[in-house]
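**Q**
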Amino acid sequence: MPKRNPNGAGTVTKRKDGRYQAAVYVPQPDGTRARKYVYGKTWTECDEKRQELVRRDRQNVPTPTRSAKLSEWLPYWLEHFIKPHRKRTTYDKYEMHIRLHLLPSLGSKSLEGVGTADVRKLVATVTTKVSAATAKESHLVLRTALSAAVRDELIARNVAKLVQAPRVEYRVIKPWSLDDTLTFLEGARRDPLYTTFVLAVALGLRRGEILGLHWSDVDLDNRTLTVRHQLQRVDGVLYQDSPKSRRVRVVPLPLMCVAPLRWQRLRQAEQRRQRLAAGEVWQESPYVFTTASGRPVEPRNLSRSFTRISASESLPPIRLHDTRHGCATLLAAAGVQPRDLMAILGHSQIAVTMEIYAHVVQDNQREAMSHMDRLLKRRRPGR
């Protein structure tokens with residue numbers, strides 16, 4: 007017989023029925039440790055299974071002693087797979103789908119017990135109660151969580167991949183015309199947040215990217231702006247994060263942005279001087295856009311101001327985020343190539359840029375083909 011295994015490597019014993027049995031303490035999906043039993047017809051077969059358990063233990067790979075329920079796996083996956091590696095906004099969105107949709111429908115099911123019928127029922131239920139878009143996101147969360155379970159060898163296949171996500175009809179974004187955009191900027195000129203709107207319209211920056219700008223990221227002499235932060239509020243906490251694509255990008259500044267940024271710097275300096283002169287509190291921060299006390303501007307307040315000014319100018323209602331689409335449309339119509347457009351807007355995938363670009367190209371093609379009416383018009387008799 008081979009020598010005794012070292013501590014923690016498990017043991018192999020012969021059972022009364024002639025088979026061999028090995029027992030090893032292994033980590034569980036919930037973070038605890040429990041004894042796992044494996045069996046074999048021969049000592050060698052059983053020992054190979056024991057060694058595999060020891061290998062997984064040393065790599066800290068969970069090996070459930072029983073089939074884990076989704077109510078156990080999903081929170082574990084969220085805490086150990088998503089939280090350390092994904093953005094806080096992503097974690098918050100996934101947690102919401104797990105709490106409101108996945109656990110109520112599938113929480114009592116074991117990982118191995120979830121079937122395609124269960125997934126279809128989940129998708130149908132969420133589609134009926136909420137929307138197809140929400141059901142599609144819940145399906146994505148479940149599919150991603152089960153893929154992690156497959157990689158950890160907890161299950162053999164991902165049944166969510168076998169169920170098609172619901173088709174979603176996304177709303178068609180109709181950005182403002184050039185005249186509407188100019189009307190809005192004229193109406194916003196006296197607003198304290200005027201400069202933020204100029205950056206949104208001219209550069210297509212996201213709301214969080216605008217409010218997350220530092221003065222050290224703005225080079226007015228060389229007319230460049232570096233997007234390296236964004237400001238977000240999640241679960242009541244206002245925090246600074248990296249951009250959505252996690253990539254720092256440098257955007258050239260058009261002349262129309264330079265004067266408003268200089269005005270914002272002077273205005274902020276004057277606010278600081280007045281607060282300190284009056285003996286009031288001024289919160290020092292690196293941000294370009296701050297309140298009268300020096301605090302960062304609330305993202306929701308920026309959206310509220312945008313909506314208020316739009317309504318006062320009787321403009322078609324759009325979201326602040328839709329100005330990105332308007333900026334992209336104007337740049338594409340001006341002949342900016344898709345790759346340059348992608349870099350300016352900070353899209354992570356060229357497909358997103360091409361969707362906008364295709365609309366502009368179609369409009370240009372329609373205008374070009376309208377000339378055919380004139381060129382191929384039937385001649386009148388006698389000509």
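Sequence positions in the sequence shown follow the working numbering and run 7 to 389. Glycine included, C-beta positions come from ideal geometry on N, C-alpha and C. Note that the coordinates shown come from a computational prediction; the quantities given were computed from them, not determined experimentally.
Check whether the Cβ atoms of E111 and L128 lie closer than 7 Å to each other.
**A** A small correction: the amino acid at residue 111 is Ser; Glu does not occupy that position in the sequence shown. Yes, they are a contact pair.
**Q** Indicate whether at least one CB of chain D lies closer than 7 Å to the CB of T202.
**A** Although the question refers to chain D, the structure presented lacks it and comprises just one protein chain.
**Q** Can the beta-carbon of T69 be found closer than 7 Å to that of V125?
**A** Contact flag unset, no.
**Q** Between R278 and the rest of its own chain, which residues show a CB-CB distance below 6 Å, the 5 nearest in sequence each way excluded?
**A** The answer, listed in chain order, is W288.
**Q** Is S153 helix, strand or coil when you go by DSSP?
**A** Helix, per DSSP.
**Q** Please tell me whether V240 and T150 are closer than 7 Å, where the distance is taken between their beta carbons.
**A** For V240 and T150, no; Cβs fall outside 7 Å.
**Q** So, is A356 buried or exposed, given that buried needs 16 or more other C-beta atoms within 10 angstroms?
**A** A small correction: the amino acid at residue 356 is Ile; Ala does not occupy that position in the sequence shown. With fewer than 16 Cβ atoms within 10 Å of its Cβ, I356 is classed as exposed.
**Q** Is it buried or exposed, M348, if we count other Cβ atoms within 10 angstroms and call 16 or more buried?
**A** It counts as buried.
**Q** Under the DSSP definition of a beta bridge, which residues are partnered with S299?
**A** S299 pairs with nothing; no bridge assigned.
**Q** What residues in its chain sit with their C-beta under 6 Å from that of L211, if we drop five residues either side in the sequence?
**A** Taken in chain order, the residues that qualify are L205.
**Q** Starting from T17, trace the beta strand (DSSP E) in both directions and tell me its first and last residue.
**A** Here the beta strand (DSSP E) through T17 covers T17 to K20.
**Q** With DSSP as the reference, label D98 as helix, strand or coil.
**A** Helix, per DSSP.
**Q** Can you name, in chain order, every residue of its own chain whose Cβ lies under 7 Å from the Cβ of V132, other than the five neighbours on each side?
**A** Correct list, in chain order: H107, T140, A141 and S144.
**Q** Please return the same chain residues whose Cβ sits closer than 6 Å to the Cβ of E159, not counting the five positions on each side in sequence.
**A** Contacts found: none.
**Q** Would H235 be called buried (16 or more neighbouring beta carbons within 10 Å of its own) or exposed?
**A** Buried, since its Cβ has 16 or more Cβ neighbours within 10 Å.
**Q** Kindly identify the DSSP beta-bridge partner or partners of S116.
**A** Looking at the DSSP assignment, S116 forms a beta bridge with K75.
**Q** Roughly how many angstroms lie between the CA atoms of K20 and Y26, to the nearest whole one?
**A** Straight-line Cα distance between these residues: approximately 4 Å.
**Q** Report buried or exposed for Q65, applying the criterion of at least 16 other Cβ atoms within 10 angstroms of its Cβ.
**A** Exposed, since its Cβ has fewer than 16 Cβ neighbours within 10 Å.
**Q** Taking T230 as part of the beta strand (DSSP E), name the residues at either end of that continuous run.
**A** T230 -> beta strand (DSSP E) spans T230 to V233.
**Q** Only counting the same chain, and skipping five residues up and downstream in sequence, which positions put a Cβ closer than 6 Å to that of F87?
**A** Correct list, in chain order: A154.
**Q** Roughly how many angstroms lie between the CA atoms of L84 and V224, to the nearest whole one?
**A** Near 37 Å, if we compare the C-alpha coordinates of V224 and L84.
**Q** Pick from S77, V44, V136 and I350: whose alpha carbon is nearest that of V254?
**A** Nearest C-alpha to V254: I350.
**Q** According to DSSP, V207 sits in a beta bridge with which residue or residues?
**A** Answer by DSSP bridge pairing: none, since V207 is not bridged.
**Q** The alpha helix (DSSP H) with A265 in it runs from where to where?
**A** It spans L261 to A283 - the alpha helix (DSSP H) in which A265 sits, taken as one unbroken run.
**Q** With distances taken between CB atoms, is the gap from L109 to A74 smaller than 7 Å?
**A** Not closer than 7 Å, so no.
**Q** Decide if P302 is buried, meaning its Cβ has at least 16 other Cβ atoms within 10 Å, or exposed.
**A** With 16 or more other Cβ atoms within 10 Å, it is buried.
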